[in-house]
Amino acid sequence: MYQNLIIVGNLGRDPEMRYTPSGQAVTSFNVATSRSYTGNNGEQIKETVWFRVTTWGKSAETCNQYLKKGNKVLVEGRLTADPATGGPRVYTTQTNQTRASFEVSASTVRFLSSPNESGGDLSGGGRNFESTQGFVGAPSDEDEIPF
């Protein structure tokens, strides 16, 4: 069996990095995806879905170093179910609203924001980072595809 989730969205806040007891880096960040559509009554509806993304190892360190709130990213990974429910993690906010958090374990994070966009300096926008394989980097000048 296999699952692969691809999301493109913006970071809702700066990433948070920590280390496991064995010394492995783990970075978490939230990504918001949005879509707009027209409802049955002709009203414009904007829908936002939040994902909590976790990266490991070198990818975690790189994401923590370069990503900032507002940056656009493409995340590829697997959906992680809540062990208690088998679905998204469900919680209640301070205002007693029920919410769900979709958890993603990233295998690849691609930085889509340019260095001039909000969220700080991203030298080398468009790079890939695979959480289990380390840096996958942008192609060098001689490796670039000519189309």
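Following the working numbering, the residues of the sequence shown are numbered contiguously, the last one being 296.
C-beta atoms are modelled at their ideal positions from N, C-alpha and C, and glycine is treated no differently.
Predicted model, so just to flag it, every value in this text is computed and none were measured.
Option nearest residue i by Cα separation, candidates the options
i, options, result
"S208", "G236, T244, S177, A181", "S177"
"Y109", "P232, M166, M150, S171", "Given a span of 150 to 296 for the chain in the structure shown, any question on residue 109 remains unanswerable."
"N213", "Y151, G158, I156, P164", "P164"
"Y168", "K195, G206, Q152", "G206"
Cβ-Cβ distance between residue i and residue j below 8 Å
i, j, result
"K218", "S262", "no"
"A181", "W199", "yes"
"S250", "P237", "yes"
"G226", "V253", "yes"
"T204", "V157", "no"
"S183", "T197", "yes"
Three-state class that DSSP yields for residue i in the structure shown
i, result
"Y240", "strand"
"G206", "helix"
"T169", "coil"
"Q152", "coil"
"Q214", "helix"
"G283", "Because G283 sits at a pLDDT of 36, beneath the cut-off of 50, its placement in the model cannot be relied upon, and the point is left open."
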